[in-house]
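K.L.:
Going left to right, the sequence shown walks through residues -20 to -1, 1 to 163 as mature numbering (1 follows the signal peptide of the UniProt record, and there is no 0) numbers them. Yeah, the Cβ is synthetic: ideal placement off N, Cα and C, and Gly gets one too.
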Amino acid sequence: MRFVIDVLGIFRFMSVCTDAEQTVEAYLEQLCQEFGRLYQLAFSPRFVQISRYTVSTEPVSLSVTVGGAFSNGERIKATPDERWCDRLRRTPWTILGLDDSEFDTRIELLRKIYGDQCNTSVLGSCLLRASGNLSKATAICSFLRPETLNNSRRVTFVRPREDLHRRAETPSGSGKDSRKVKV
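(1) Distance check for L108 and G53, CA to CA, integer angstroms please.
(2) How many angstroms separate the CA atom of E127 from the CA atom of D80?
(3) Measure the C-alpha to C-alpha separation of R133 and V(-5) and round it to an integer number of angstroms.
(4) Mind reading off the beta-carbon distance from V40 to V4? Whole number of angstroms is fine, and I expect it under 8 Å.
(5) Please classify D(-15): does DSSP put it in a helix, a strand, or coil?
(6) Identify whether Q2 lies in helix, strand or coil by the three-state DSSP scheme.
(7) Three or more C-beta pairs under 8 Å: does that hold for the stretch 43 to 57 against the stretch 20 to 35?
(8) Reducing DSSP to helix, strand and coil, say where F(-8) ends up.
(9) Tell me the rounded alpha-carbon separation between V102 and L129.
(10) Check whether the Cβ atoms of Q10 and S111 lie closer than 8 Å to each other.
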């Protein structure tokens, strides 16, 4: 069974439960391991409950089987322990294993790319989702709508044009003689 796991609206990942008869409690342990491998944060959460991703977020009992509680392809909300959530709210740089000045520097670099008026909390969540990697955070931000970033313009990245010329050796084969050839 495959599920889309959502953690606090910031982290999302696919999870595969190979045994539908596995208890929710055992599946929570599996989610902790998958999350740790995928995001490689300095402090990974311990998930305490999961629920369907709907308006009513009633937690699923830990003794129920995964196959009995959820259907294949369903979106699931995983809730981390309160200590981890508190640390994420107060000092998100510790989750990434950075000091606060390095975290602020990366946020400022994102602001230079997307504009000074951008929402700092959205940029911070992109940086968290990218596990602190600035280039990945830039890519994540580029998929957001401008109004989400509180930006009036959309930033689009394009690949640089390939060089239309390349070096080719002259027929003499000496290796020293080369010239530019238009491709």
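P.N.:
Taking the definition as stated:
(1) 25 Å
(2) 27 Å
(3) 38 Å
(4) 5 Å
(5) strand
(6) coil
(7) yes
(8) strand
(9) 6 Å
(10) no
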